[in-house]
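To start, the structure under review is shown below, and the notes come after it.
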Amino acid sequence: MLGMTSKLVGAGLMLRYSNARASTVQILFGQLVSGAGTGMISIIAQTAVQAVTPRQDVASVTTLYEVAGAIGGAVGNAISGIVWTALLLSRLRANLPATAQSAAVEIQNSFLVASSYLPGSSERIAIDKSYTEVMHVLLIVALAVLSVPFIAMFGMENIRLKEETTEQGRK
Numbered sequence: 014m015l016g017m018t019s020k021l022v023g024a025g026l027m028l029r030y031s032n033a034r035a036s037t038v039q040i041l042f043g044q045l046v047s048g049a050g051t052g053m054i055s056i057i058a059q060t061a062v063q064a065v066t067p068r069q070d071v072a073s074v075t076t077l078y079e080v081a082g083a084i085g086g087a088v089g090n091a092i093s094g095i096v097w098t099a100l101l102l103s104r105l106r107a108n109l110p111a112t113a114q115s116a117a118v119e120i121q122n123s124f125l126v127a128s129s130y131l132p133g134s135s136e137r138i139a140i141d142k143s144y145t146e147v148m149h150v151l152l153i154v155a156l157a158v159l160s161v162p163f164i165a166m167f168g169m170e171n172i173r174l175k176e177e178t179t180e181q182g183r184k
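The working numbering puts the sequence shown at residues 14 to 184.
Structure below.
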């Protein structure tokens, strides 16, 4: 419960502090809370899967668990990449001043180009706003996805690891 709650709270903090006015500490704190939750979830979920599995199937189930996690991570990365690519250019075109419209694709394709504009300039303000708008979409999607396992955890069986188990994996 603590891991999933930390992950959800961390994502919420990242949503709250994903803007150009947030301090480095605010940005990092959300990421640290989320990362701690991820670490807790990983170990606890793997242990839970192994605890309810018959001994002879533990290796196969552990492999399946790890593969499912890798596939889930790849799908999540692909979706976030698609969303970022699809939305950033349109947000830049909507926010950039007319004098910088011709640089929208170059700004989208290179963080170095985006960060080369002076802080406080109309171009940089528009770039920051565009990045923030797209990041908010990504984090809202993340919160929606994270709400599913958060709710599902309340229906999970409480596994007591200190109790002796039979060869079939359960008492």
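The beta-carbon is built from N, C-alpha and C at its ideal position, and this holds for glycine as well.
Simplified DSSP state of residue i, which is helix, strand or coil
{"i": "Thr66", "result": "coil"}
{"i": "Leu105", "result": "helix"}
{"i": "Leu131", "result": "coil"}
{"i": "Ala1", "result": "Residue 1 lies beyond the residue range present for the chain, which begins at 14 and ends at 184; the question has no answer from this structure."}
{"i": "Asn90", "result": "helix"}
{"i": "Ile172", "result": "coil"}
{"i": "Met17", "result": "helix"}
Pairwise C-alpha distance: residue j and residue i
{"i": "Ala58", "j": "Asn108", "result": "43 angstroms"}
{"i": "Ser55", "j": "Gly85", "result": "13 angstroms"}
{"i": "Val80", "j": "Met53", "result": "18 angstroms"}
{"i": "Tyr36", "j": "Val62", "result": "Per the sequence shown, residue 36 should be read as Ser rather than Tyr. Looking at the two C-alpha atoms, the distance is approximately 39 angstroms."}
{"i": "Thr18", "j": "Ile140", "result": "32 angstroms"}
{"i": "Thr98", "j": "Leu41", "result": "24 angstroms"}
{"i": "Ala117", "j": "Ala64", "result": "53 angstroms"}
{"i": "Leu174", "j": "Arg104", "result": "51 angstroms"}
{"i": "Ile172", "j": "Ser73", "result": "20 angstroms"}
{"i": "Lys20", "j": "Ser93", "result": "17 angstroms"}
{"i": "Thr66", "j": "Val22", "result": "31 angstroms"}
{"i": "Asp70", "j": "Leu100", "result": "44 angstroms"}
{"i": "Phe163", "j": "Ser115", "result": "44 angstroms"}
{"i": "Gly16", "j": "Pro110", "result": "44 angstroms"}
{"i": "Val88", "j": "Val154", "result": "13 angstroms"}
Supposed contact pair residue j and residue i - C-beta distance, whole angstroms, cut 8 angstroms
{"i": "Ala8", "j": "Leu151", "result": "This structure gives no information on residue 8, because the portion of the chain shown stretches from 14 to 184."}
{"i": "Glu136", "j": "Val126", "result": "Not quite, the Cβ-Cβ distance comes to about 11 angstroms (not below 8 angstroms), so this is no contact."}
{"i": "Leu156", "j": "Leu28", "result": "7 angstroms"}
{"i": "Ser31", "j": "His149", "result": "6 angstroms"}
{"i": "Arg112", "j": "Ala33", "result": "At residue 112 the sequence reads Thr, which differs from the Arg that was named. The Cβ separation is near 20 angstroms, so there is no contact."}
Limits of the alpha helix (DSSP H) - the one that residue i falls within
{"i": "Arg137", "result": "135-165"}
{"i": "Ile120", "result": "117-122"}
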